[in-house]
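*Asks:* Input: one structure, supplied below.
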Amino acid sequence: MKQFKKSTLNWWNDFVHRVKNKGEDKWSVTCENNNLVVNKNGREVSKVRLDDVVSVTAYKKDLVTYDPVFLCFLDKNDCTIEVWEGMNGFDSFIHNELGRYFDVKPDWFASVNKGAFAENRRVIWKL
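Just so you know, we're using the numbering used here here: the sequence shown kicks off at 236 and counts up by one.
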């Protein structure tokens, strides 16, 4: 019952947020205390310890007018978390944190981001 109340409250908060913001959810990503944290409308929805990550995959999604680059982090428990270009904090994370935790090639973003309609999926780091 407690889980039902929490999910109902989360649904209501998201609904109110969308009404206030003309249908837009606000997504953000931060790096706090060795955790990658994803927030939706100011509320934490997922988190992964960066020390537990075993691979990082980058790819691009075709959304007709916009092709954002996604990063997918897989942890040692086979859980995944995705972050994408356009989320608040994404640029800061890839410029300031990604290289601190993972030995990725500097040109990974350009290689994933080239060519229209191409996913260009690449594992950019693996344990």
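All C-beta atoms, glycine included, are put in the ideal place defined by N, C-alpha and C.
Since the structure is predicted, the reported quantities are computational estimates derived from the model, not experimental observations.
Going by beta carbon distance, what residues of the same chain come within less than 6 Å of LYS379, once the five residues before and after it are set aside?
*Replies:* Outside the displayed span of the chain (236 to 362) sits residue 379, for which this structure offers no information.
*Asks:* At which residue ranges does the segment 260-318 contain complete beta strand (DSSP E) runs of 3 or more residues, listed in the order of the chain?
*Replies:* Correct list: 262-267, 270-275, 278-284, 288-295 and 304-310.
*Asks:* Using the beta-carbon count (16 or more within 10 Å), is TYR301 buried or exposed?
*Replies:* By 1-based counting over the sequence shown, the position of residue 301 is 66. Flag for TYR301 reads exposed.
*Asks:* Would you call ALA293 buried or exposed, if buried means 16 or more other Cβ atoms sit within 10 Å of its Cβ?
*Replies:* Numbered from its first residue, the sequence shown carries residue 293 at position 58. ALA293 comes out buried.
*Asks:* Use the C-beta contact count for VAL288: other C-beta atoms within 10 angstroms, 16 or more gives buried, fewer gives exposed.
*Replies:* In the sequence shown, the residue the question calls residue 288 occupies position 53. Burial call: buried.
*Asks:* So, is VAL318 buried or exposed, given that buried needs 16 or more other C-beta atoms within 10 angstroms?
*Replies:* By one-based count along the sequence shown, residue 318 stands at place 83. Per the 10 Å Cβ criterion, buried.
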